[in-house]
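For what it's worth, the numbering used here labels the leading residue of the sequence shown as 5, then goes sequentially.
The C-beta atom is built at its ideal place from N, Cα and C for all residues, glycine as well.
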Amino acid sequence: MNSDVQWIGESFTPDDIWQHRVQKVLAHCQTPFQEMFIVESGVYGKALVLDGRWQTCTGDEFLYHEPLVHTPIVMHGHPRRVLIAGGADGGAAREALKWNNVEEILLVDIDGAAVEACRKWLPEIHQGSLNDPRVKIEIADAFDLIEGTRGWDVIIADLTDPIESGPACKLFTREFFSFCQRALAPGGMFINQAGSMSPPLMEPLTRTAKTIASVFTDIVVITANVPTYGSPWGMILACDHRLNLRPDADHVDQMIQRSTNTSFRMFDGRTLLGLLQTPKYVRDQLV
Ligand code: SPD
């Protein structure tokens, strides 16, 4: 893609391209890690595109960030310390900040230029989270940082897709998942974005799920429906105890009411119950 481009075309397969019209390029550069565009699209609003891949946009990002963040927080129960690997746009940090019990959020992103561009151009997404006193930002490789850290209640891997030679590739390995497991406090929860759940495209998701399952005691694949990702999107929640896949929706709603300062747009007790019910065609691939 170049700066005078009219359309962003993201190839999902050699035969399928998802096209978004670009009304205006707000920022474009090659950072030390990836090619970054921030654009005004049409009905989906402002978007961040890294290495030609649509990451997030103002029009539907809540359908990604709310399940990614609130699922592990609710399933944990009372997290105080949250670590976000990636998350340059600040959307995940914004959601974690909604919980009164969360005292500390460490956002570790390898790409300082991406963080600064999102801080400047995507205030609708970070909503001040990147400047919040509870949020500490480390520009570092999450692989190295997480190897040496301990005591986190929730670790959220809010990464780009694991394209070859891309910065996130080694954050989809067994070694990295083992670092995350060791970095969690007892009762800790890990979640990552793990790829498309479209039947012909879901091999990376199922491979990642099996790798995570070889490290943690229990996992579940949850489904986020983010229109601009072009297909249902899988996230893998993992921990070292048996997950309760039938939480009481009313209890979850009470917890949200008690412990947050706002309501959410897509997430509540009933929604969580639905998120935890992995479709059969995905479960069949995991046995
Ligand atoms: N193929 C799109 C997957 C994007 C995952 N990363 C999104 C980052 C938003 N905070």
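- Under the three-state reduction of DSSP, N135 is assigned to helix.
- A buried status is given to R98, since no fewer than 16 other beta-carbon atoms sit within 10 Å of its beta-carbon.
- Between R138 and E107, the CB-CB gap stays under 8 Å.
- When DSSP states are grouped into helix, strand and coil, M259 belongs to the helix group.
- Look at L110: its beta carbon is at least 7 Å from all of the heavy atoms in the ligand SPD.
- A distance criterion of 7 Å places the beta-carbon of D64 beyond contact range of the ligand SPD, judged by its closest non-hydrogen atom.
- With a threshold of 16 other beta carbon atoms within 10 Å, V291 falls short and is exposed.
- Under the rule that a run must span 3 or more residues, the beta strand (DSSP E) segments found entirely inside the stretch 17-100 read 20-25, 28-34, 39-44, 50-54, 57-61 and 85-90.
- For G91, the shortest separation between its Cβ and any heavy atom of the ligand SPD lies below 7 Å.
- Unbroken beta strand (DSSP E) stretches of 3 residues or longer found wholly inside the stretch 184-229: 188-200 and 222-228, given in chain order.
- No heavy atom of the ligand SPD is found nearer than 7 Å to the CB of D115.
- If you ignore the 5 residues before and after D145, its C-beta comes within less than 6 Å of the C-beta of I114, all in its own chain and listed in chain order.
- Contact between L279 and M79 is absent: CB atoms are separated by about 10 Å, not below the 8 Å threshold.
- Inter-residue distance for A217 and D19 is about 32 Å (C-alpha atoms, whole angstroms).
- Taking C-beta atoms as the reference points, A117 and M40 count as a pair closer than 8 Å.
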